[in-house]
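What follows is a single structure, written as structure tokens, with notes after it.
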Amino acid sequence: MPKSPSDQQEGGTDAKVVSIRPPALPRAAQLSTDALALAAAGLGPVRQERFAERVYENLFHAIVEGKIGVGSRLPSENDLATLFDVSRPIVRQALDRLREDQLVESRRGSGTYVMDKPELAGKAANAEPSERIGHIMNGLELRMVIEPECAYMAALRRSTADLARMDELLSGFEEANAVGGIAHHFDFAFHEAIATATANLRFVQVLKTLEYDVSHAVNMLRHLMHIQPWKRTQDAMEEHRNIFELIKRQDAEGARRAMRGHIENARSRMFNSRPGL
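For the sequence shown, our numbering gives the first residue as 1247, with consecutive numbering after it.
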């Protein structure tokens, strides 16, 4: 579909542009200069599966590897849709995830920009590997102490409303994953719902302090290590469902074991880059 003049102007040309040849894309002639620069950097149409996840991954790597500079404006939604050969709603989902990860910000009437000080991107891109891994391992160590006990107490104390909330989050996780949507925010929310079910506010407060450092940092490290995100998400969903069923049955010991296994598996998925993990 031809673009309107306003669509053509939306993206801007803030990013550094190099001399390039037009990419072999179905609609390459429609791309703005800054979008063509991304195409020259290797970004292009994504496979017809997990669209939003693939677009997110491409943009994520382009940002943390410096292909899109800090403070630069991203191409317009129309240009990104053309570049990746997907619909604009798919692009919006990917941009939403980048905003959640605090990599980009939207400026009214101007566009989407790489954040000047993206805290998590800085940790992922600039810190020494040992520092990145050590930071995440510390968070996992704390979760290993706290979350199995949360699951144990939740199994004993959960209310009907608690179970309904967990089930709702699981359904949202599964539905988003089934259509290739953005599902990672359901992951931490499920763990938070378990902490809430303990009826101990302190557990919730401690877990909330880990949401940024663990959930987002872990997500980024997984992508940096090129571990298959769709397989990772499927495994996590199945583990979540098992934990939920044990809490529902009030099998406290089983819920504790399952949560411990889930966190151990999460650590394995993060730091083992063999295909399929």
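Note that the Cβ used here is the ideal one computed from N, Cα and C, for glycine as well.
Note that the coordinates shown come from a computational prediction; the quantities given were computed from them, not determined experimentally.
Three-state secondary structure assigned by DSSP to residue i
i, result
"Gly1500", "helix"
"Thr1358", "strand"
"Arg1353", "strand"
"Arg1495", "coil"
"Ser1514", "helix"
Rounded distance between the beta-carbons of residue j and residue i, thought under 8 Å
i, j, result
"Ala1445", "Arg1403", "5 Å"
"Arg1319", "Ala1327", "About 16 Å separates the two Cβ atoms, so there is no contact after all."
"Gly1202", "Ser1322", "The shown model of the chain, from 1247 to 1523, leaves out residue 1202, and the question about it has no answer."
"Gln1339", "Ala1298", "4 Å"
"Val1350", "Phe1330", "In fact, because the Cβ distance is near 16 Å, the residues do not count as touching under 8 Å."
"Val1450", "Ile1392", "About 11 Å; that fails the 8 Å criterion."
"Arg1343", "Ser1352", "Not confirmed; about 13 Å, so no contact."
"Ala1281", "Asp1325", "4 Å"
Continuous alpha helix (DSSP H) stretch holding residue i: start and end
i, result
"Gln1348", "Unbroken run through Gln1348: none, as it is neither H nor E."
Own chain, CB closer than 8 Å to residue i, minus 5 neighbours either side, in chain order
i, result
"Leu1416", "Phe1432, Phe1436, Met1483, His1486, Arg1487, Phe1490"
"Ile1314", "Ala1261, Leu1284, Leu1305, Ala1308, Leu1320, Val1360"
"Lys1454", "Glu1438"
"Asp1408", "Ala1400, Ala1439, Thr1442, Ala1443"
"Val1337", "Val1301, Glu1323, Leu1326, Ala1327, Phe1330"
Cut-off 7 Å between Cβ atoms - residues of its own chain near residue i, not counting five sequence neighbours on either side
i, result
"Leu1492", "Ala1401, Gly1500, Ala1501, Ala1504"
"Asp1497", "Ala1401"
"Thr1406", "none"
"Lys1494", "Leu1409"
Contact set for residue i: own chain, Cβ-Cβ below 6 Å, skip 5 residues either direction
i, result
"His1508", "Glu1485"
"Gln1294", "Low confidence applies to Gln1294: its pLDDT is 47, below 50, so where it sits in the model is not reliable enough to give any reading."
"Met1412", "Ala1439, Phe1490"
"Arg1506", "Pro1394"
"Arg1448", "none"
Heavy atom of the ligand MN within 7 Å of residue i beta-carbon
i, result
"Arg1506", "Within the structure as shown, the ligand MN is missing, as the structure has no ligands at all."
Which runs of the alpha helix (DSSP H) fall wholly inside the segment 1403–1461 and span at least 4 residues, in chain order? 1406–1424, 1430–1443, 1447–1456
In the segment 1304–1349, which residue ranges form an unbroken beta strand (DSSP E) of at least 3 residues, counting only runs that do not cross its ends? Taking only runs of at least 3 residues, no beta strand (DSSP E) segment lies wholly in the segment 1304–1349.
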